[in-house]
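What follows is a short report on a single structure.
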DNA sequence: TATAGGCACGTGGAGCCCTGTCT
DNA sequence: AGACAGGGCTCCACGTGCCT
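In our numbering, the protein residues as written are 161 to 935.
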């Protein structure tokens with residue numbers, strides 16, 4: 161018998177996974193402890209699920225026991241009391257031994273007479289562990305451990321066995337992490353990357369300590385892969401970060417490795433990267449991140465190219481390198497300009513490393529808040545982050561977690577939008593309700609578990625729709641929202657006492673941002689048919705209360721003597737009479753009980769006939785453009801730039817003639833063809849596979865051409881195309897912008913269908929129409 | 001492995017009417 | 001005179017990206 165020596169360690173949790181090992185499900189906690197990389201093993205934790213019973217436990221247990229005997233698995237039953245959607249229920253907690261067969265067991269046992277339903281068998285085992293123990297990714301813990309007896313073969317400085325669950329510490333910050341970025345240049349011959357068919361020309365890596373390295377092809381790519389694998393082993397990064405790597409690059413590397421009889425052993429458990437939740441590639445023991453997932457969340461990015469993303473983050477981007485198109489890279493390599501390709505790849509890897517650096521604080525705070533491992537929190541969409549938060553919250557509140565089920569889409573009425581008063585206005589104030597929906601949900605206790613169809617006293621009854629919600633006790637959503645709001649309030653207090661330059665300030669600031677995002681997503685989450693806690697009545701009632709709030713605010717503004725020029729969901733636009741506006745704000749606060757704030761003031765504001773489209777000159781001197789073509793990603797640069805400049809002239813100089821002349825000059829220039837090619841590119845997202853479209857559309861046809869050329873446009877990719885001269889419908893006259901050889905842009909189209917309509921949208925309020933601009 | 005609904009607007013395509021031409 | 005092809009027009013569905 162080995163001597164058992166217990167000790168106490170403090171560690172920061174990087175990754176968590178589960179393995180069946182030696183016949184037992186084992187939770188693996190990958191931690192960082194005094195600069196060492198450690199693995200902590202938990203073998204005592206057992207998977208379980210619930211059976212909600214309609215009878216007394218005694219009457220169902222014998223049948224459950226005899227049914228469970230048919231399986232070889234040892235099963236333990238515990239009678240427990242829980243809540244389900246706020247209603248107290250009796251349940252049997254079924255503790256089993258194998259997470260992989262638990263689903264089948266749950267299905268069998270749920271058929272036993274007296275069982276209403278099974279619950280929580282669909283919670284992943286590692287998630288179960290996080291929920292039950294409070295152990296939290298990207299957070300510090302202390303644990304009692306001893307050296308593991310039969311440690312698995314892994315890359316770690318130490319492997320421990322846990323003695324009891326770790327205890328989470330209330331401590332901010334994170335250890336010094338080893339971050340490695342990489343960029344891969346796969347060769348595609350004449351076409352694009354057929355995953356793994358063609359060799360990998362270059363792999364560039366970068367890290368904060370060792371600096372850049374490059375591995376590139378000589379005769380073949382075998383050495384490239386071997387060097388890459390060796391490099392990863394040598395540096396042993398905690399985080400491996402790429403850009404767009406979940407969309408095929410990992411697959412390319414795997415296929416190339418297989419081709420050469422190699423194992424792409426880049427994780428800490430000498431296995432290979434594998435596809436995991438949320439369509440991301442998981443690397444055991446490390447956090448494998450794809451920053452494209454983050455870029456896709458940023459609405460102001462028209463096209464989620466790395467260079468755009470990097471510029472958004474304020475990084476120093478070398479334009480001459482980043483302007484290279486992916487489609488040209490393999491040609492460049494083939495044609496001999498290898499130095500340029502190497503520089504390009506190196507710069508990409510460097511930019512990715514810098515981007516990771518600047519995002520890491522926010523990402524760790526998100527991970528800590530919603531209790532998803534770092535790699536999952538990056539890959540998961542907003543709805544799943546909210547849900548993860550709620551699942552952990554539910555456990556603490558004794559609420560059973562509903563199953564994920566598929567439901568039919570069920571639309572409901574949302575926010576109220578007023579017709580704007582078209583024309584130019586001076587001195588307009590916008591007041592809006594901060595976080596209106598979450599605050600309404602708190603105020604009226606709107607929650608799936610407080611909703612009742614029975615007539616009762618003490619109900620909040622929603623306007624228009626008439627749904628009733630119990631005033632007490634606090635509903636599940638209200639509890640969750642209040643706890644988020646309170647946490648954010650605490651952080652605000654802490655932030656006041658800190659200098660913005662400190663590490664702590666950056667951490668707390670990121671954390672409050674994460675909390676704000678989750679708080680504001682809660683309403684959308686509850687109306688999402690895929691949500692575990694979906695409740696249409698909740699979403700519908702919240703929106704209805706929102707409409708009544710805005711309508712009442714308009715009345716209050718009118719009775720204060722202020723005309724309402726426009727309004728959208730939670731905002732109203734008024735003449736900026738400070739005394740009267742203050743009066744409105746006060747009345748709104750007192751009568752409605754929600755905080756409204758003056759959001760911004762326009763010196764000049766121009767509405768078109770349309771809702772959600774206007775532009776103005778702010779009191780700060782900035783131009784604000786809302787909804788118009790100039791800020792839309794699916795209009796050509798020529799049109800966007802012309803409209804932007806035109807708006808500047810109108811707002812700053814109020815010179816309609818000058819503006820008109822400017823547009824005419826733009827039109828003439830376009831017709832002459834005196835415009836850079838990139839300003840002719842129109843970008844549109846491919847939202848489904850090209851074959852599934854019901855109508856012929858330009859960007860879909862462009863995607864098909866790319867496919868013919870060997871490139872694989874993915875669903876979600878932005879397709880850039882140029883309209884070219886020729887006959888027929890528009891969709892017959894488009895080319896992907898990278899494949900323009902032999903085609904000439906249709907400048908007439910750009911003048912008539914892009915620049916002129918965009919300009920006329922603004923100028924039409926001055927009675928300048930399209931024909932006047934084309935003349 | 002989709003947070004919500006409201007809205008504008010370009011494009012394609014179906015359907016209708018009109019008109020000119022052929023039988 | 002009637003049949004019919006084809007052009008022009010209207011209207012609507014589809015599709016996308018924006019706003020809050």
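All residues carry an ideal CB built from backbone N, CA and C; glycine is no exception.
| query | result |
| --- | --- |
| To the nearest angstrom, how far is the alpha carbon of residue 445 from that of residue 192? | 11 Å |
| How do the segment 233-240 and the segment 355-370 stand: do at least 3 beta-carbon pairs fall below 8 Å, yes or no? | no |
| Can you name, in chain order, every residue of its own chain whose Cβ lies under 8 Å from the Cβ of residue 725, other than the five neighbours on each side? | 580, 581, 585, 588, 733, 734, 735, 765, 767 |
| Compare the Cα-Cα distances from residue 722 to each of 709, 425, 745 and report the closest residue. | 745 |
| Please list the segments of the alpha helix (DSSP H) lying wholly inside the segment 742-817, counting only runs of 4 or more residues, in order along the chain. | 797-808 |
| Evaluate residue 538 with the Cβ neighbour count: other Cβ atoms within 10 Å of its Cβ, from every protein chain shown; 16 or more gives buried, anything less gives exposed. | buried |
| Have a look at residue 421 and residue 414 and give me their C-alpha separation to the nearest angstrom. | 10 Å |
| Between 850, 829, 862, 851, which lies nearest to residue 915 when the distance is taken from Cα to Cα? | 829 |
| Using a 10 Å radius around the Cβ and a threshold of 16 neighbouring Cβ atoms, would you call residue 628 buried or exposed? | buried |
| Tell me whether residue 162 sits in a helix, a strand or coil according to DSSP, three-state version. | Its pLDDT being 49, under 50, residue 162 is placed unreliably by the model, and nothing is read from it. |
| Could you check what DSSP says for residue 435 in three-state terms: helix, strand or coil? | strand |
| According to the neighbour-count rule (16 or more other Cβ atoms, all chains shown, within 10 Å of its Cβ), is residue 836 buried or exposed? | exposed |
| Between which two residues does the alpha helix (DSSP H) holding residue 141 run? | Because residue 141 is not part of the residues shown, which for the chain are 161 to 935, the question remains open. |
| Who are the Cβ neighbours of residue 926 in its own chain at under 7 Å, not counting the five residues just before and after it? | 816 |
| In terms of residue numbering, what span does the beta strand (DSSP E) encompassing residue 884 cover? | Per DSSP, residue 884 belongs to no beta strand (DSSP E) and is neither H nor E. |
| Are residue 703 and residue 570 touching if we call contact CB-CB under 8 Å? | no |
| Taking DSSP's pairing of strands, which residues face residue 693 in a bridge? | Paired residues: none, contrary to the question. |
| Decide if residue 184 is buried, meaning its Cβ has at least 16 other Cβ atoms within 10 Å, or exposed. | exposed |
| Identify the residues that DSSP records as bridge partners of residue 708: which are they? | Looking at the DSSP assignment, residue 708 forms no beta bridge with any residue, so it has no partner. |
| Is it right to say residue 568 is buried, meaning 16 or more other beta carbons lie within 10 angstroms of its own, or is it exposed? | exposed |
| What number of angstroms, rounded off, separates the C-alpha of residue 196 from the C-alpha of residue 423? | 26 Å |
| What did DSSP end up calling residue 929 once you bin it into helix, strand or coil? | coil |
| State the DSSP-derived secondary structure class of residue 350, mapped to helix, strand or coil. | With a pLDDT of only 46 at residue 350, under the threshold of 50, the placement of this residue in the model should not be trusted; the figure read from the coordinates follows. Looking at residue 350 - three-state DSSP - the assignment turns out to be coil, as it is neither helix nor strand. |
| Mark residue 730 as exposed unless 16 or more other C-beta atoms lie within 10 angstroms of its C-beta, in which case mark it buried. | buried |
| Tell me residue 232's beta-bridge partners as DSSP assigns them. | None, per the DSSP bridge assignment. |
| For residue 366, is the classification buried or exposed, using 16 other Cβ atoms within 10 angstroms of its Cβ as the cut-off for buried? | buried |
| My guess is that residue 318 and residue 898 are in contact by the Cβ rule of under 8 Å, so how many angstroms apart are they, rounded? | Not a contact, Cβ separation roughly 51 Å. |
| Under 7 Å Cβ to Cβ from residue 350, same chain only, skipping five residues before and after it: list those, please. | Residue placement at residue 350 cannot be trusted, given a pLDDT of 46 that sits under 50; the coordinates are not used to answer. |
| Rounded to whole angstroms, what's the CA-CA distance from residue 937 to residue 272? Just pull it up for me. | Because the chain spans 161 through 935 in this model, residue 937 falls outside it and cannot be assessed. |
| Measuring alpha carbon to alpha carbon, tell me which residue in 866, 891, 823, 845 is nearest residue 855. | 891 |
| Is it a yes or a no for the segment 393-403 touching the segment 509-521, going by three-plus beta-carbon pairs under 8 Å? | yes |
| Cutting at 7 Å between CB atoms, please list the residues of its own chain near residue 159, excluding the five before and the five after it. | An answer regarding residue 159 cannot be provided, because it is not within the stretch 161 to 935 covered by the chain. |
| Need the endpoints of the beta strand (DSSP E) that residue 547 sits in, please. | Looking at the DSSP string, residue 547 is not in any beta strand (DSSP E); the run it does join, the alpha helix (DSSP H), is 542-556. |
| Could you give the first and the last residue of the continuous alpha helix (DSSP H) run that contains residue 639? | 636-656 |
| Using only CA atoms, which one of 265, 462, 919 lies nearest to residue 877? | 462 |
| Looking at the strands, I want to know which residues DSSP matches up with residue 628. | 612, 621 |
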